[in-house]
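Q: Heads up: the sequence lines are chains A and B, in that order.
Sequential numbering from 41 applies to the first sequence in the numbering used here.
Sequential numbering from 2 applies to the second sequence in the numbering used here.
All residues carry an ideal CB built from backbone N, CA and C; glycine is no exception.
Take a look at this one; I'll ask things after.
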Amino acid sequence: MSALLRSELLKVRTVRTFLWLALASVALVVIASISVSASTGAIGSASDDRSVAQIAAIALIFSLIGGIIVMAGEVTHGTVTQTLLATPVRERIVLAKAVVAALIAIGFALVAELLVLAITVPGASLDFHNARLVFLGILIAAPLAAVLGVGLGGVVKSQGSGIAVSLVWLLIGEHIVLLISESASKYSPGRAFAALASGERSGHVLLGMSAGGLASVVWAVAFVSFGLLVFLRRDV
Amino acid sequence: MIEVVDLRKRYRKATAVDGLTFMVRDGCISGFLGPNGAGKTTTLRILLGLVHPTSGRATIDGHRYRALERPLGRVGAVLEASNYHPKRSGRNHLRALAAAGEIQPARIDELLDFVGLGRAGRRAVGGYSLGMRQRLSVAGALLGDPQILLLDEPANGLDPEGIRWLRDFLRGFAGEGKTVFISSHVLGEMQQLVDEVVIIHHGRLVAHETVGELTARAAGGTRLRSPQAARLREALEREGIDARGEGDRLVTAAPSERVGEVAAANGIVLHELAADTASLEEAFLELTAGGGIE
Ligand SMILES: Nc1ncnc2c1ncn2[C@@H]1O[C@H](COP(=O)(O)OP(=O)(O)O)[C@@H](O)[C@H]1O
Ligand SMILES: [Mg+2]
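Have a look at this one:
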């Protein structure tokens, strides 16, 4: 397994895709953090602290996209053929890719959180004590989002369609679910992850952090299982 | 040993492989021939565990590809070119493959030199010509030092020099007692390269024989000239061989060896004896013109 992990890490390191993803994530986090710091009196309460810390949740989107690319990028470029020749047991490939995507995601989340802290603690007097549950939630949510992305990447036929599907879902699909049923929408993937990253022990609009975390785990496992099933049956 | 037994692959709209059975022995170069759409690529991909058959089985040394212990060390495959990330260098592509196959990294530069990519190996594959990609594919196939090499139309996109290089390489590879199974719809190349051919058409086997047998089958006749043509004709007829002709010339469907033997046994003088061999191309076209030989 370690040989396979090394191979998957090499694939990530030898193209710039993931560097660009990281840079995009960093840029958005920095811009958001600076604008919060610049608006004086932004932080007045513990819930304000949490809202500011949630800037780091930007890394979740990029973790999801990273997971999709780790898995579906090989289909897009056709390298999946050679990957399968070297490792014909497809379950092992999906496992290795999930681990690598999760590692990347933890990196994205850590960098985002450190940047938020570095900019908003001195600039807007962010209180880490109030924000730490948010940071913890994001550190857990990021690898889960990446694993979900790997699962989605196993279903779609190209990384582009995987990214498009997930963005359309987050921007439109989630709202449609909310319109249909407010109580059910709490369990939708976007809101489950948001709850995990909320830092709120019990939410009103969202689930509480632990319930949201549980729902996020269920979504990630469901997606990666389905992605694996599709990938196992796929003709390459 | 490559073994395909009653293999079938049905897609929604087409049946790509339709009850195909054949076996390729170790230590020789076998051609896998058939016109475009005959099912060659599908068969090879099933052999490699990339495509799932609808029924039947395809095994290598008795095992399905998925069950092979170190697959890269058993089988090398050169599939269609262009299966590369355009921004990754050829060398890094091989590094990732070698890592997954637990192959010594030292072998990578050795192979890049061997296939003539050398320094180009450090450039992004996006800038490679089709021929360079094929060479990279060959390097990838050889990473694990396999005993069997499967190639799917490797001559596509190669210039004449590249084709010569590939042919020499394959001869050397087979010369070490290893096995080559190479598909093509272009036959001129195969005639000089392969020991035997597996010919398929519409996903079915049409012929599996040596190149000599195949050529003999298509025209397979013998032309001869003899001052004792009439006597020879009678002698041949006694052996059950039909011959036609006028004057001192005769034409028969029997192979030239057989005709020569009959003539010698009867003390008949021959002035000319020629095997009327067709090119592999003609033989192939004849076989795949209709639904098969049956
Ligand atoms: N993925 C696929 N989906 C549907 N039909 C396919 C697919 N792959 C191959 N076919 C069909 O199966 C037949 C055999 O194709 P192929 O194995 O590529 O032949 P060859 O390699 O001999 O040219 C063709 O008719 C082709 O259109
Ligand atoms: Mg083909």
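(1) Mind checking which residues open and close the beta strand (DSSP E) that includes I30 of chain B?
(2) Please work out which residues of its chain come closer than 8 Å, Cβ to Cβ, to V52 of chain A, disregarding the five sequence neighbours upstream and downstream, and give them in chain order.
(3) Is the closest heavy atom of ligand 2 to the C-beta of K226 of chain A under 6 Å?
(4) For a cutoff of 7 Å on Cβ pairs, would you count E103 of chain B as touching chain A?
(5) Cβ of T42 of chain B within 6 Å of any heavy atom in ligand 2?
(6) With distance defined between alpha-carbon atoms, name the residue in B:P54, B:G32, B:A121 nearest to A208 of chain B.
(7) Which same chain residues end up closer than 7 Å to V308 of chain B when comparing Cβ atoms and leaving out the 5 residues on each side of it in sequence?
(8) DSSP on V217 of chain A, reduced to helix/strand/coil?
(9) What are the partner residues of G222 of chain B, as DSSP defines its beta bridges?
(10) To which residues does DSSP link F182 of chain B through a beta bridge?
(11) Please compile the residues from chain A whose C-beta is within a distance smaller than 7 Å of the C-beta of L49 of chain B.
(12) Nearest by alpha-carbon distance to A234 of chain A: which of A:L188, A:L125, A:A97 is it?
(13) Which whole-angstrom value is the C-beta distance of G163 of chain A and G239 of chain A, which I expect to be below 8 Å?
(14) Is there at least one Cβ from chain B nearer than 7 Å to Q199 of chain A's Cβ?
(15) Going by the C-beta, is G38 of chain B closer than 6 Å to any heavy atom of ligand 1?
(16) Whole angstroms are fine: how far does the CA of I180 of chain A sit from the CA of S103 of chain A?
(17) Any chance the CB of G35 of chain B is under 6 Å from a heavy atom of ligand 1?
(18) Using the C-alpha atoms, what's the distance from V76 of chain B back to G28 of chain B?
(19) Any heavy atom of ligand 1 closer than 6 Å to the CB of Y12 of chain B?
(20) Quick one: which residues of the segment 140-170 of chain B get their C-beta closer than 7 Å to a C-beta of chain A? List them in chain order.
(21) If you run the structure through DSSP and keep just helix, strand and coil, what is V116 of chain B?
(22) So, is the C-beta of N93 of chain B closer than 7 Å to a C-beta in chain A?
(23) Could you spell out the range, first to last residue, of the alpha helix (DSSP H) harbouring K41 of chain B?
(24) Comparing alpha-carbon positions, which option in A:L207, A:I83, A:G252 lies nearest I105 of chain A?
(25) Would you please state the rounded distance, in angstroms, between the beta carbons of A125 of chain B and R89 of chain B? I believe it to be under 8 Å.
(26) How close, in whole Å, do the beta carbons of L34 of chain B and V79 of chain B come, if the pair is a contact with beta carbons under 8 Å?
(27) Cα separation between G230 of chain A and R56 of chain A?
(28) Could you please tell me which residues of the segment 68-90 of chain B, in chain order, have their CB closer than 9 Å to any CB of chain A?
(29) Between the Cα of M41 of chain A and those of A:R132, A:L154, A:V261, spot the shortest distance and give me the residue it belongs to.
(30) Can you give me the Cβ contacts of Q105 of chain B inside the same chain, cut-off strictly under 7 Å, excluding the 5 residues immediately before and after it?
(31) Determine, using beta carbons only, whether R96 of chain B comes closer than 7 Å to chain A.
(32) What's the call for W259 of chain A, buried or exposed, on a 16-neighbour Cβ count within 10 Å?
(33) Beta-carbon within less than 6 Å of G193 of chain A's beta-carbon, same chain only, minus the 5 sequence neighbours each way: which residues are those?
(34) Is it the case that the CB of A78 of chain B approaches a heavy atom of ligand 1 more closely than 6 Å?
(35) Given the structure, does A93 of chain A come close to ligand 1, in the sense that its CB is under 6 Å from one of the ligand's heavy atoms?
(36) Could you give the DSSP three-state label for A290 of chain B: helix, strand or coil?
A: The short version:
(1) Along the second sequence, one-based indexing puts residue 30 of chain B at 29. For I30 of chain B, the enclosing beta strand (DSSP E) covers residues 30-34.
(2) Reading the first sequence from its first residue, position 12 is the one you call residue 52 of chain A. Answer for V52 of chain A: F58, V110, V140, I144, listed in chain order.
(3) Translated into positions along the first sequence, residue 226 of chain A becomes position 186. Remark: the shortest separation between the CB of K226 of chain A and any heavy atom of ligand 2 does not fall under 6 Å.
(4) Residue mapping note: residue 103 of chain B aligns to position 102 of the second sequence, counting from 1. By this cut-off, E103 of chain B is an interface position.
(5) Here the question's residue 42 of chain B lines up with position 41 in the second sequence. True, at least one ligand heavy atom lies under 6 Å from that Cβ.
(6) Walking along the second sequence from the start, residue 208 of chain B turns up at place 207. With respect to the C-alpha of A208 of chain B, the residue from B:P54, B:G32, B:A121 having the closest C-alpha is B:G32.
(7) With chain B covering only 2 through 295, there is no way to say anything about residue 308 of chain B.
(8) Counting from one through the first sequence, the residue named residue 217 of chain A turns up at place 177. In the structure shown, V217 of chain A sits in a helix (DSSP, three-state: H, G or I).
(9) To locate residue 222 of chain B, count along the second sequence from 1; it is residue 221. Note: G222 of chain B is bridge-paired with B:D277 in the DSSP secondary-structure output.
(10) On the second sequence, position 181 is the one that residue 182 of chain B refers to. The partner list for F182 of chain B (beta bridge, DSSP) reads B:S31, B:L151.
(11) Within the second sequence, the letter at position 48 stands for residue 49 of chain B. Result: L125.
(12) Numbered from 1 along the first sequence, position 194 holds the residue referred to as residue 234 of chain A. A234 of chain A has its Cα closest to that of A:A97, out of A:L188, A:L125, A:A97.
(13) Residue numbering aside, residue 163 of chain A sits at position 123 when the first sequence is read from its first letter. Residue numbering aside, residue 239 of chain A sits at position 199 when the first sequence is read from its first letter. Going by Cβ atoms, the distance from G163 of chain A to G239 of chain A rounds to 20 Å, so no, they are not a contact pair.
(14) Along the first sequence, read from residue 1 onward, the residue named residue 199 of chain A stands at position 159. No - not a single Cβ of chain B is within 7 Å of the one on Q199 of chain A.
(15) Position 37 of the second sequence, counting from 1, holds the residue named residue 38 of chain B. G38 of chain B: yes, Cβ under 6 Å from ligand 1.
(16) On the first sequence, position 63 is the one that residue 103 of chain A refers to. On the first sequence, position 140 is the one that residue 180 of chain A refers to. The alpha-carbon of S103 of chain A is positioned some 11 Å away from that of I180 of chain A.
(17) For the purposes of this step, residue 35 of chain B is identified with residue 34 of the second sequence, where counting begins at 1. Taking non-hydrogen atoms of ligand 1 into account, the C-beta of G35 of chain B is found less than 6 Å away from one of them.
(18) Taking the second sequence and counting its residues from 1, the one referred to as residue 28 of chain B is at position 27. Taking the second sequence and counting its residues from 1, the one referred to as residue 76 of chain B is at position 75. A straight-line Cα-Cα distance of about 13 Å links G28 of chain B and V76 of chain B.
(19) Taking the first residue of the second sequence as position 1, residue 12 of chain B is located at position 11. At least one heavy atom of ligand 1 is nearer than 6 Å to the Cβ of Y12 of chain B, so yes.
(20) The residues in question are G141.
(21) Locating residue 116 of chain B in the second sequence gives position 115, counting from the first residue. V116 of chain B falls in the coil class under three-state DSSP.
(22) Counting from one through the second sequence, the residue named residue 93 of chain B turns up at place 92. Answer yes: the Cβ-Cβ gap between N93 of chain B and chain A drops below 7 Å somewhere.
(23) Translated into positions along the second sequence, residue 41 of chain B becomes position 40. Per DSSP, K41 of chain B belongs to the alpha helix (DSSP H) from 41-48.
(24) As a first step, residue 105 of chain A is located in the first sequence; it is residue number 65 there, counting from the start. Looking at the Cα atoms, A:L207 is the closest of the given residues.
(25) One-based indexing of the second sequence puts residue 125 of chain B at position 124. One-based indexing of the second sequence puts residue 89 of chain B at position 88. Taking the Cβ atoms as the reference, A125 of chain B lies roughly 7 Å from R89 of chain B, within the contact range of under 8 Å.
(26) Here residue 34 of chain B refers to the residue found at position 33 when the second sequence is read from its first residue. Here residue 79 of chain B refers to the residue found at position 78 when the second sequence is read from its first residue. No, L34 of chain B and V79 of chain B are not in contact; Cβ-Cβ is about 17 Å, not under 8 Å.
(27) Taking the first sequence and counting its residues from 1, one reaches residue 230 of chain A at position 190. Taking the first sequence and counting its residues from 1, one reaches residue 56 of chain A at position 16. Approximately 28 Å, taken between the alpha carbons.
(28) Hits within the stretch, in order: A68, L69, P72, L73, V76, G77, A78, L80, E81, S83, N84, Y85, H86, P87, K88, R89, S90.
(29) Translated into positions along the first sequence, residue 41 of chain A becomes position 1. Cα-wise, what sits closest to M41 of chain A is A:R132.
(30) Translated into positions along the second sequence, residue 105 of chain B becomes position 104. So no residue of the chain qualifies.
(31) The sequence position of residue 96 of chain B within the second sequence is 95, counting from 1. Yes, R96 of chain B lies at the interface with chain A (some Cβ there is under 7 Å from its Cβ).
(32) Counting from one through the first sequence, the residue named residue 259 of chain A turns up at place 219. Taking every protein chain shown into account, the CB of W259 of chain A has 16 or more other CB atoms within 10 angstroms, so this residue is buried.
(33) Numbered from 1 along the first sequence, position 153 holds the residue referred to as residue 193 of chain A. Contacts found: I108, M111, A112, G202.
(34) What you label residue 78 of chain B is simply residue 77 of the second sequence in a count that begins at 1. A78 of chain B Cβ: outside cutoff for every heavy atom of ligand 1.
(35) In the first sequence, residue 93 of chain A corresponds to position 53, counting from 1. Outside the cutoff, so no.
(36) Within the second sequence, the letter at position 289 stands for residue 290 of chain B. In the structure shown, A290 of chain B sits in coil (DSSP, three-state: anything other than H, G, I, E or B).
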